[in-house]
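Peer 1: This is the structure I have questions about; it appears just below.
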Amino acid sequence: MFRSLQSRLFLTYLLVAGLALLFVAASLLFIMLGSTFGDQRVYLNLERSLPIITRGQGRLLLELEGEELISTIERMDQISNARIIIVSPQDKVLADSRSTESPVTDDVLQQSGIGQEIVRGRFGEPGDGVWLYISQPLVQRFRIILASPRPTLMNLRLWWDSVLRPILQAAGIALFLSIFLSWLMSRWVAAPLDRMAEVSRAVAAGDYDQRLQPGGPQEVRGLALTFNEMVERVQAGQKAQRDFVANVSHELKTPLTSIQGFAQAILDGTAQDQDSQQHAAQVVYDEAQRLHRLVEDLLELARMDAGQIDFHQDRVDITALLSAVVERLSVKAAEAGVNVIHNVGQLPVLIGDGDRLAQVFMNLIDNAIKHTPEDGQVSIWGEYADGWISIHVEDSGVGIPEEELSRIFERFYQLDKARPGGMDRGVGLGLAISREIVRSHQGRMVAQSELGRGSRFTVQLPVVRADDTTLAADRV
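So for the sequence shown, the numbering used here puts the first residue at 701; every next one is plus one.
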C-alpha cells in the first residue's frame, strides 16, 4: 500500500503530527495529575461550610457528649457533605462523623491547633484514601476539623471541562489540517521526482530533448539541474559518437577510393607506361600511409579515453626537448620559407613523459609552419611563474575565425577542408591528442587567434604535480 514515495512521506508527516499531539496530551495529563487545582476548590468549599457549622453552634456542640455528639455531627456531615472532627485541648479526638475512615494522626492533631487562624493540610495514605482538611479553634481551646476526600475524579472532570475539552477540539482541527498539509507536502516533494522518473524513461527511449523544470525542495531542484546536465552530456556524447562515425567513415573512404582507383588502373592496364605505374604506386603507398596514421591516432585516442596509456614519470628538460623539436622541423620550415625564432631560455626541469610532450610540441610547431605563409614567422618562447611552465607557439598566419576557435580541439575538426591531400594532410586528430596528453600531465592548453595576424597556442605544465613520486629540481 505504501510503496510510493508520496504515500510514505504522507504517512511520515502524519505520524509526526500524531506523535506531537500524543506528546502534548501526555504532558497535559501529567500536569493535571500533579496539579492542586482540584485541591483548592475543596479547601474553598470547606471554608464556606465552616461558618455555617460553627455559627452559634460551637458552644452547643461542646455541651453534648457521647452518642448525642456523634449523631449531631453526623447530621451536619450529611448536610455539608464534609467530615467533622471535634478535637479536645489535649489534642484528642472527641467525636468523628466518619470514624470508620482513615484516622487522624497525632501530628495532624498537633499541627491543626497551631495559632488562631484557619489551618489547611492533609492526612491519610494513598492506599487508604487521602483527606484534605481545614481546622479552626472553637471555645476553650477546643477545635473543629472539616475534611473531605482528595478529589481525583473531580480533578479529571474539572480539567476536562475547563482545559482538556477545548484542547482536544483544537487538536482535532490541528489533526485535520495536518492531514491536509501532509498530503500537500508529500505531493510537493514527490511530484518533481515523478516527473523525473517520467523524463528518465523518455531519455532511456532516446528522446534527449526532454528537460526537467527545477521545483520542490532545494535538494530536488539540485537533482533536477544535475539531471538536465547529465542529459545534455549524454546528448552531446551521442552527437559526438555520430559525428565520430561519420568522420571516420569519410576519412577512410577518401584514401580507400584513391587506393582502389589507382590499383584498378594498374590491374586493367590503364597505367601502361612505367611513369604512370610509378605514379599510381606512389599514390597507393601515400594513401596507405595516411590510413596507417589515422588508425594509429584512433587507437591512441581510444587508449587515452580508456586510461590504458602509461605515461612515464621521468625528469624532463623542457628547454632541451624544445630545441630538439625545432631542430627536427628546421628543414621543413626552410622548405616552406618560414623563419622559426626559438627563444625559450633555461626553464626548470619537470616530471613527465618526454616522448609524449615532444609529440605535443611537434604537432603545434608543425601546424604553425603549415599555416604560416612564405616569409612568415613562427615564434617559440617560454616562461616560468608560480610553479607553472608556459610554452607559447605563435605563427603569423591568417588566424582562426572566432566562431571556429572553440572547436579546434574537437576530433576530426579541420579548419582548411580544401587543403589538397598527400602526406602533409591531417585528419583533425593532432590537436585532440595533444590536449589529452597535456591533460594527462595535469596541464592546460589554450588557443588565441586574431584574423590577419596569426594564432598563439599556449601549453601550461606544472613543475611539480600532486602524483609525482620524485620532486623536480629547480634547475638542471
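Note that CB positions come from ideal geometry on N, CA and C, so glycine has one too.
Should Leu924 go down as buried or exposed, given a rule of 16 or more other Cβ atoms within 10 Å for buried?
Peer 2: For the purposes of this step, residue 924 is identified with residue 224 of the sequence shown, where counting begins at 1. Reading off the sequence, residue 924 comes out as Ala, not Leu. By the 10 Å Cβ count, Ala924 comes out buried.
Peer 1: Would you tell me roughly how many angstroms separate the C-alpha atoms of Leu1050 and Gly1082, rounded to the nearest one?
Peer 2: Reading the sequence shown from its first residue, position 350 is the one you call residue 1050. Reading the sequence shown from its first residue, position 382 is the one you call residue 1082. Taking the straight line joining both Cα atoms gives about 14 Å.
Peer 1: Quick one, which of Ala891, Leu746 and Leu1151 has its alpha-carbon nearest Ala920's?
Peer 2: In the sequence shown, residue 920 corresponds to position 220, counting from 1. Rather than Ala, the amino acid found at residue 920 in this sequence is Val. Cα-wise, what sits closest to Val920 is Ala891.
Peer 1: Taking 9 Å as the CB-CB cut-off, is Arg822 touching chain D?
Peer 2: Absent from the structure is chain D; it holds one protein chain and no more.
Peer 1: Return the Cβ separation of Ser797 and Glu765 in integer angstroms, given the expectation that the two are a contact with Cβ distance under 8 Å.
Peer 2: Indexing the sequence shown from 1 puts residue 797 at position 97. Indexing the sequence shown from 1 puts residue 765 at position 65. About 15 Å; that fails the 8 Å criterion.
Peer 1: Please name the residue or residues paired with His1012 in a DSSP beta bridge.
Peer 2: Indexing the sequence shown from 1 puts residue 1012 at position 312. DSSP output for His1012 lists no bridge partner at all.
Peer 1: Find the nearest neighbour of Leu1161 within the set Ala981, Ile1018 and Leu838, judged by alpha-carbon distance.
Peer 2: As a position in the sequence shown, residue 1161 is number 461, starting the count at 1. Among Ala981, Ile1018 and Leu838, the Cα nearest to that of Leu1161 belongs to Ile1018.
Peer 1: Identify, in the order they occur along the chain, each residue of the same chain with its Cβ nearer than 7 Å to the Cβ of Leu912, setting aside the five sequence neighbours on each side.
Peer 2: Residue numbering aside, residue 912 sits at position 212 when the sequence shown is read from its first letter. Taken in chain order, the residues that qualify are Arg895, Met896, Val899, Ala924, Phe927 and Asn928.
Peer 1: Going by alpha carbons, who is nearest to His1141 out of Gly1054, Asp739 and Gln910?
Peer 2: If you number the sequence shown from 1, residue 1141 lands on position 441. That would be Gly1054, whose Cα lies nearest to the Cα of His1141.
Peer 1: At which residues does the beta strand (DSSP E) containing Asp1095 begin and terminate?
Peer 2: Position 395 of the sequence shown, counted from the start, is the residue given in the question as residue 1095. Where Asp1095 is concerned, the enclosing beta strand (DSSP E) stretches over Trp1088 to Asp1095.
Peer 1: With DSSP as the reference, identify every bridge partner of Ile1051, one or two as the case may be.
Peer 2: Counting from one through the sequence shown, the residue named residue 1051 turns up at place 351. In the DSSP output, where bridge partners are listed per residue, Ile1051 has Arg1015.
Peer 1: Alpha carbon to alpha carbon, how far is Gly1121 from Ile959?
Peer 2: Position 421 of the sequence shown, counting from 1, holds the residue named residue 1121. Position 259 of the sequence shown, counting from 1, holds the residue named residue 959. Low local confidence applies: a pLDDT of 36 at Gly1121 is under 50, so the model's placement there is unreliable, and no value is given.
Peer 1: Can you tell me which of the three DSSP states Thr1158 falls into?
Peer 2: Counting from 1 along the sequence shown, the entry for residue 1158 is found at position 458. Here Thr1158 sits in strand by DSSP.
Peer 1: Could you tell me the alpha carbon to alpha carbon distance between Asn1067 and Pro914, rounded to whole angstroms?
Peer 2: What you label residue 1067 is simply residue 367 of the sequence shown in a count that begins at 1. What you label residue 914 is simply residue 214 of the sequence shown in a count that begins at 1. Going from the Cα of Asn1067 to the Cα of Pro914 covers about 46 Å.
Peer 1: Report yes if the CB atom of Ala1147 is closer than 9 Å to the CB atom of Ile1089, and no otherwise.
Peer 2: Here residue 1147 is taken as the residue at index 447 of the sequence shown, counted from 1. Here residue 1089 is taken as the residue at index 389 of the sequence shown, counted from 1. Judged by beta-carbon spacing, Ile1089 lies beyond the 9 Å limit of Ala1147, meaning their Cβ atoms are not closer than that value.
Peer 1: With 16 as the cutoff for other CB atoms within 10 Å, does Pro1003 come out buried or exposed?
Peer 2: Numbered from its first residue, the sequence shown carries residue 1003 at position 303. According to the sequence displayed, residue 1003 carries Arg and not Pro. The residue is exposed, with fewer than 16 neighbouring Cβ atoms inside 10 Å.
Peer 1: What do you get for Ala905, buried or exposed, if any count of 16 or more other CB atoms within 10 angstroms of its CB means buried?
Peer 2: Start at 1 with the first residue of the sequence shown, and residue 905 comes out as number 205. Exposed, since its Cβ has fewer than 16 Cβ neighbours within 10 Å.
Peer 1: Using DSSP with H/G/I as helix, E/B as strand and the rest coil, what is Asp806?
Peer 2: Within the sequence shown, residue 806 is the residue found at index 106, counting from 1. The DSSP-derived three-state label of Asp806 is helix.
Peer 1: Taking 9 Å as the cut-off, decide whether the C-beta atoms of Gly1052 and Asp1086 are in contact.
Peer 2: Sequence index remark: in the sequence shown, residue 1052 carries index 352 (1-based). Sequence index remark: in the sequence shown, residue 1086 carries index 386 (1-based). In this structure, Asp1086 does not lie closer than 9 Å to Gly1052 by Cβ.
Peer 1: To the nearest angstrom, how far is it from the Cα of Phe962 to the Cα of Asp973?
Peer 2: Within the sequence shown, residue 962 is the residue found at index 262, counting from 1. Within the sequence shown, residue 973 is the residue found at index 273, counting from 1. Computed Cα separation, rounded: 14 Å.
Peer 1: Look at the alpha carbon of Glu932 and the alpha carbon of Val945, and state the distance between them as a whole number of angstroms.
Peer 2: As a first step, residue 932 is located in the sequence shown; it is residue number 232 there, counting from the start. As a first step, residue 945 is located in the sequence shown; it is residue number 245 there, counting from the start. Pairing Glu932 with Val945, the inter-Cα distance amounts to about 20 Å.
Peer 1: Looking at the strands, I want to know which residues DSSP matches up with Asp796.
Peer 2: In the sequence shown, counting from the first residue as 1, residue 796 sits at position 96. Looking at the DSSP assignment, Asp796 forms a beta bridge with Ile785.
Peer 1: Residue ranges of each beta strand (DSSP E) run of no fewer than 3 residues wholly in the stretch 1060-1085, ordered along the chain?
Peer 2: 1077-1085
Peer 1: For Glu1027, name the three-state secondary structure that DSSP assigns.
Peer 2: For this step, residue 1027 is matched to residue 327 along the sequence shown. Helix, per DSSP.
Peer 1: Pair every Cβ in the stretch 984-996 with every Cβ in the stretch 1024-1043, then say whether three or more of these pairs are closer than 8 Å.
Peer 2: no
Peer 1: Per DSSP, what kind of secondary structure is Gly766 in: helix, strand or coil?
Peer 2: Along the sequence shown, one-based indexing puts residue 766 at 66. Helix.
Peer 1: Assuming Leu1129 and Leu1001 are in contact, meaning their beta carbons sit under 8 Å apart, how far apart are those beta carbons, in whole angstroms?
Peer 2: Locating residue 1129 in the sequence shown gives position 429, counting from the first residue. Locating residue 1001 in the sequence shown gives position 301, counting from the first residue. Contact between Leu1129 and Leu1001 holds: CB atoms are separated by about 7 Å, below the 8 Å threshold.
Peer 1: What is the DSSP secondary structure of Gly1121, reduced to helix, strand or coil?
Peer 2: Start at 1 with the first residue of the sequence shown, and residue 1121 comes out as number 421. Note that Gly1121 has pLDDT 36, beneath the 50 cutoff, so the model's placement of it is unreliable and the number below is only indicative. Note: Gly1121 maps to coil in three-state DSSP.
Peer 1: Taking a contact to mean a Cβ-Cβ separation below 9 Å, would you say Asn1039 touches Ile1133 in this structure?
Peer 2: Here residue 1039 refers to the residue found at position 339 of the sequence shown. Here residue 1133 refers to the residue found at position 433 of the sequence shown. No, Cβ-Cβ distance for Asn1039 and Ile1133 is not below 9 Å.
Peer 1: Within this structure, are the beta carbons of Ser749 and Ala795 separated by less than 9 Å?
Peer 2: Your numbering for residue 749 matches position 49 in the sequence shown. Your numbering for residue 795 matches position 95 in the sequence shown. Contact flag unset, no.
Peer 1: Rounded to whole angstroms, what is the Cα-Cα separation between His1092 and Gly1045?
Peer 2: Here residue 1092 refers to the residue found at position 392 of the sequence shown. Here residue 1045 refers to the residue found at position 345 of the sequence shown. His1092 and Gly1045: Cα-Cα distance of roughly 12 Å.
Peer 1: What span of residues does the alpha helix (DSSP H) with Tyr985 cover, start to end?
Peer 2: By 1-based counting over the sequence shown, the position of residue 985 is 285. Taken as a continuous stretch (DSSP letters only), the alpha helix (DSSP H) holding Tyr985 covers Gln974 to Ala1006.
Peer 1: Quick one: what's got a C-beta closer than 8 Å to Asp777's C-beta in the same chain, skipping five residues either side?
Peer 2: The residue you call residue 777 lines up with position 77 of the sequence shown. Answer for Asp777: Arg783, Ile784, Ser797 and Arg798, listed in chain order.
Peer 1: In the structure shown, what three-state DSSP assignment does Pro837 receive?
Peer 2: The count along the sequence shown starts at 1 and reaches residue 837 at position 137. Pro837: strand per DSSP, three-state reduction.
Peer 1: I'd like the list of long-range same chain contacts for Arg820, defined as Cβ closer than 7 Å, with 5 residues on each side in sequence excluded.
Peer 2: As a first step, residue 820 is located in the sequence shown; it is residue number 120 there, counting from the start. Tyr743 and Ile834, listed in sequence order.
Peer 1: Pull up the distance between the alpha-carbon of Val1060 and that of Arg1135, whole angstroms please.
Peer 2: Locating residue 1060 in the sequence shown gives position 360, where the first residue counts as 1. Locating residue 1135 in the sequence shown gives position 435, where the first residue counts as 1. Between Val1060 and Arg1135, the C-alpha separation is close to 8 Å.
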